[in-house]
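Data first, discussion second: the structure below is written as structure tokens.
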Amino acid sequence: MNNEYITIYLYICIELNNNIIDMSGHSKWSTIKRKKGAADAKRSKIFSKLIKEISVAVKEGGGDEEANPRLRVAIANAKGVNMPKDNIARAIKKADDKDAANFDEVNYEGYAINGIGIFVECLTDNLQRTVSSVRAAFTKYNGSLGKNGSLNFIFDRKGVFSFTKGNLDIEELELEIIDAGAEEIILDEDIISITTAMEDFGLMNKKLDELGIDVESAKLQRIPLNTEQLSVDDAKLVIKLIDVLEDDDDVQEVYHNLEITDELLEAYDF
Numbered sequence: 094m095n096n097e098y099i100t101i102y103l104y105i106c107i108e109l110n111n112n113i114i115d116m117s118g119h120s121k122w123s124t125i126k127r128k129k130g131a132a133d134a135k136r137s138k139i140f141s142k143l144i145k146e147i148s149v150a151v152k153e154g155g156g157d158e159e160a161n162p163r164l165r166v167a168i169a170n171a172k173g174v175n176m177p178k179d180n181i182a183r184a185i186k187k188a189d190d191k192d193a194a195n196f197d198e199v200n201y202e203g204y205a206i207n208g209i210g211i212f213v214e215c216l217t218d219n220l221q222r223t224v225s226s227v228r229a230a231f232t233k234y235n236g237s238l239g240k241n242g243s244l245n246f247i248f249d250r251k252g253v254f255s256f257t258k259g260n261l262d263i264e265e266l267e268l269e270i271i272d273a274g275a276e277e278i279i280l281d282e283d284i285i286s287i288t289t290a291m292e293d294f295g296l297m298n299k300k301l302d303e304l305g306i307d308v309e310s311a312k313l314q315r316i317p318l319n320t321e322q323l324s325v326d327d328a329k330l331v332i333k334l335i336d337v338l339e340d341d342d343d344v345q346e347v348y349h350n351l352e353i354t355d356e357l358l359e360a361y362d363f
């Protein structure tokens, strides 16, 4: 497989689980994503996706960061991938223009081979183009689109916050954030990831801000309740589908319940 096409997938999502799934595979996958992201030749595509999120946030709540929680989160995520401040400022200014493009938020749910669930989140200014592109990707890799809600039993929506540990004391941090809804804290190398219930996302975001922690990524993610293990060859076909979806300009996030095994990681020779 050409590793160039997997880069966007490896970089954008940090998929974690709460208490049900063995975290070892996901932890290793997250480490790889950070390393690949540091040398990402497609950074402009990532910036484009984040600019869309900034645009939607501004259209929804205005261009004042202090008064718009969604915009604050979008800006934090942009800073987390080292988007220049000037780019962020231009994106906010452009989105605040009454003639700026409007983007619709739309989700697609489907299955890859062997019943692996795939959840696709999009921001688009052309719904017909987007659904056609997503459907074509599923079809090409022997998958199929399903009805909205068909994957509700596979994924749980959680708040996921990630930031560099630095000089933070983990035990002290736990005491500070427990009342803000922290369900799990994971330390992977020098990166701390915190998961919360969806309804505690805003509370945790506020708490981390009060603690002066520079959050690199703050997102509502769809966490698989259980994962499915496939052979390496079948798993590669699923990842090819994810690659194609992530490479689509209208796609913001792709979630799945494929088990990331050591054997699969070794097959990519990272």
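Numbering (the numbering used here), first residue to last: 94 to 363.
Virtual Cβ for every residue (Gly too), placed ideally from N, Cα, C.
Boundaries of the alpha helix (DSSP H) in which residue i is found, first to last residue
| i | result |
| --- | --- |
| residue 246 | Taken as a continuous stretch (DSSP letters only), residue 246 belongs to no alpha helix (DSSP H), as it is neither H nor E. |
| residue 164 | 162-173 |
| residue 181 | 178-188 |
Where residue i sits in the DSSP three-state scheme
| i | result |
| --- | --- |
| residue 147 | helix |
| residue 322 | coil |
| residue 391 | As shown, the chain starts at 94 and ends at 363. That puts residue 391 outside it, with no answer to give. |
| residue 346 | strand |
| residue 357 | helix |
| residue 132 | With a pLDDT of 48 at residue 132, under the threshold of 50, the modelled position of that residue is not reliable, and no figure is offered here. |
| residue 336 | helix |
| residue 196 | coil |
| residue 351 | strand |
| residue 96 | Low local confidence applies: a pLDDT of 42 at residue 96 is under 50, so the model's placement there is unreliable, and no value is given. |
Test item: CB-CB of residue i and residue j under 9 angstroms
| i | j | result |
| --- | --- | --- |
| residue 328 | residue 357 | yes |
| residue 377 | residue 156 | Because the chain in this structure spans residues 94 to 363, residue 377 falls outside the shown range and cannot be described. |
| residue 270 | residue 301 | yes |
| residue 250 | residue 297 | no |
| residue 280 | residue 321 | no |
| residue 259 | residue 274 | no |
| residue 265 | residue 170 | no |
| residue 212 | residue 195 | no |
Delimiting residues of the beta strand (DSSP E) encompassing residue i
| i | result |
| --- | --- |
| residue 317 | 310-317 |
| residue 393 | Residue 393 is absent from the model: the chain starts at 94 and stops at 363. |
| residue 231 | First-last for residue 231: 220-233, but that is the alpha helix (DSSP H), not the beta strand (DSSP E). |
| residue 211 | 210-217 |
Integer Cβ distance of residue i from residue j, believed to fall under 8 angstroms
| i | j | result |
| --- | --- | --- |
| residue 168 | residue 147 | 7 angstroms |
| residue 331 | residue 339 | Actually they are not in contact, since the Cβ atoms of residue 331 and residue 339 sit about 13 angstroms apart, beyond 8 angstroms. |
| residue 217 | residue 223 | 4 angstroms |
Residue-chain proximity (residue i, chain D), Cβ-Cβ < 9 angstroms
| i | result |
| --- | --- |
| residue 224 | The chain labelled as chain D is not found in the depicted structure, where only one protein chain is given. |
Check your understanding: At which residue ranges does the segment 241-291 contain complete beta strand (DSSP E) runs of 3 or more residues, listed in the order of the chain?
Key -> Listed in chain order, the complete beta strand (DSSP E) runs (minimum 3 residues) inside the segment 241-291 are 248-257, 275-281, 284-290.
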